[in-house]
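Residues 66 to 451 in the numbering used here are what the sequence shown lists, from first letter to last.
Glycine residues also receive a C-beta, built at the ideal position from the N, C-alpha and C atoms.
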Amino acid sequence: MNNLPPPSSEALAHSERLQQAIAQYIAAAGGWISFARFMEQVLYRPGLGYYAAGARKFGAAGDFVTAPELTPLFGRALSRQVAQVMAASAPTVLEVGAGSGRLAADLLLELEGLGCLPERYFILDLSADLRERQQQTIAAAAPHLLDRVAWLDRLPESFSGAVVANELLDAMPAHIVAWREDGVAERGVGLDAAGGFAWNERPASGAVLGAAEEIGRQCQLPPGFESEISLAVRAWAAEWGRILQQGALLLIDYGFPRREFYHQQRGRGTLMCHYRHHAHPDPFYLPGLQDVTVHVDFTAVIAAAHGAGLDLLGYTSQGQFLLNCGILDLLAAIPNGTADYIRATGAVNTLLMPHEMGELFKVIAVGRGIDDPLSGFVSGDQGWRL
């Protein structure tokens, strides 16, 4: 990884502490853990994991840029869909994994302008560092609305309203499997002779094996194909079948329908790491200092949600969704030729264009008790592809 920016001595020491902790964890587990467990450790281990420690993650100073960081127009357009869901259910929003708090601030301000402020805006985030940053962001952008915001430690027992999650599912732990000549293997993590992390395969079993065999049959995968299966995403989507009384989940992330996710041209999976605006495929590099992600199998999301009693309310590309929600009208309202307009135009192009975020990112809506078609999917709904 010679082409990647070197970490500071402090950051390197932090990474080494996490690596030692995970190595001890692997040794205590008998020398092998699933990749899902490894991903959970590098991202969420208390005090040390990427999302549990204090490093700056979002924006120009971090490791990657999310859509809300590019322009407020993303949140302003999304607010139209949030408002419709609240009008059909309850005046409440729950954002899961709120990042820097930028999207929450933009949604609150735009919903206020539309005359449909939620009575409560809940944020569920497991990172104390991110909670603090979210509070600071909202306090700076919309101090008069901060008293409407409350932070949760876990999913509520029941909920009605709009649930928003932008780039949440890709950071949920995933198992890695390989379809071999002699059966399905699970690719886990062990230790090499020097105590570093190393790939280590063993026969898949239990729910991982069951899911892999089903996918192998559906997609006719050849021996040697490797990819990811996120049981955590499936469980999370299904849990909402118990929680959601009336309303909709609006889930925005990068991924594919199953037959594209497990396409033979994608035979090494979708695992990707992000460090200082560089993307690379090595999950063992600088643990705790980089994000580790996998793309989303949206077919698995709707299968789990539908199996738990929820309805598919829409599925389309991010670009089409934002167009349906009026992002170009919002852009046109900015005075033409100004610096704000030029900056916003570049950001909107990034959000919409197929070769940028417009096609890779998808939006899926699942819910209960919503009778009218959702405005974000009135044109270009691709639910049939799932």
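For residue i, is the classification buried or exposed, using 16 other Cβ atoms within 10 angstroms of its Cβ as the cut-off for buried?
| i | result |
| --- | --- |
| Glu160 | buried |
| Ile435 | buried |
| Ile294 | buried |
| Phe123 | Low per-residue confidence applies at Phe123: pLDDT is 43, beneath 50, and the placement is therefore not dependable enough to give any value. |
| Leu416 | buried |
| Arg145 | buried |
| Ala64 | There is simply no residue 64 to check, as the chain begins at 66 and stops at 451 in what is shown. |
| Met418 | exposed |
| Leu314 | buried |
| His360 | buried |
| Gln89 | exposed |
| Arg307 | exposed |
| His209 | exposed |
| Asn231 | buried |
| Pro348 | buried |
| Leu179 | exposed |
| Asp235 | buried |
| Trp449 | exposed |
| Ala258 | exposed |
| Leu77 | exposed |
With a threshold of 7 angstroms on Cβ separation, who are the neighbours of residue i within its own chain once the five nearest residues in sequence on each side are excluded?
| i | result |
| --- | --- |
| Ala269 | Val242, Val249, Ala250, Glu251, Ala277 |
| Thr364 | Pro322, Arg323, Leu451 |
| Arg333 | Glu291 |
| Pro400 | Tyr406 |
| His420 | none |
| Leu375 | Trp305, Gly306, Leu309, Val431, Gly432, Arg433 |
| Ala142 | Leu387, Cys390, Gly391, Ile392, Leu395 |
Starting from the C-beta of residue i, find all residues in its chain whose C-beta is less than 6 angstroms away, skip the five residues before and the five after it, and write them out in chain order.
| i | result |
| --- | --- |
| Pro447 | Before going on, a small fix: residue 447 reads as Gln here, not Pro. Tyr380, Thr381, listed in sequence order. |
| Ile367 | Leu377, Leu451 |
| Ala207 | Ala170, Leu173, Leu174 |
What does DSSP give as the partner residue(s) for residue i in the beta ladder?
| i | result |
| --- | --- |
| Pro268 | Ala250 |
| Ser99 | Gly253 |
| Ala263 | Gly255 |
| Thr157 | Arg185 |
| Cys338 | His345, Val357 |
| Asp362 | Phe321 |
Tell me which residues share the same chain as residue i and place their Cβ nearer than 8 angstroms to its Cβ, disregarding the 5 neighbours each side in the sequence.
| i | result |
| --- | --- |
| Ala303 | Ala369, Ala370, Gly372, Ala373 |
| Ala409 | Thr136, Leu138, Leu396, Ile399 |
| Phe224 | Thr157, Leu159, Ile308, Leu309, Gln310, Gly312 |
| Arg196 | Ile188, Asp190, Trp216 |
| Arg198 | Ser165, Gly166 |
| Cys338 | Ala344, His345, Pro346, Asp347, Pro348, Tyr350, Gln355, Asp356, Val357, Thr358 |
| Ala92 | Leu256 |
Would the region 387-399 and the region 99-116 be scored as touching if the rule is three or more Cβ pairs under 8 angstroms? No, the region 387-399 does not touch the region 99-116.
With three or more C-beta pairs closer than 8 angstroms as the rule, is the region 156-173 touching the region 195-211? yes
At 4 residues or longer, and completely inside the region 259-330: list those alpha helix (DSSP H) runs for me, N to C. 271-284, 296-308, 323-326
Just list the alpha helix (DSSP H) runs in the region 160-236, keeping only unbroken ones of 4 residues or longer that don't cross its boundaries, in chain order. 167-178, 193-206
Scan the region 368-411 and note each continuous alpha helix (DSSP H) run of 4 residues or more that stays entirely inside, going in chain order. 383-389, 392-397
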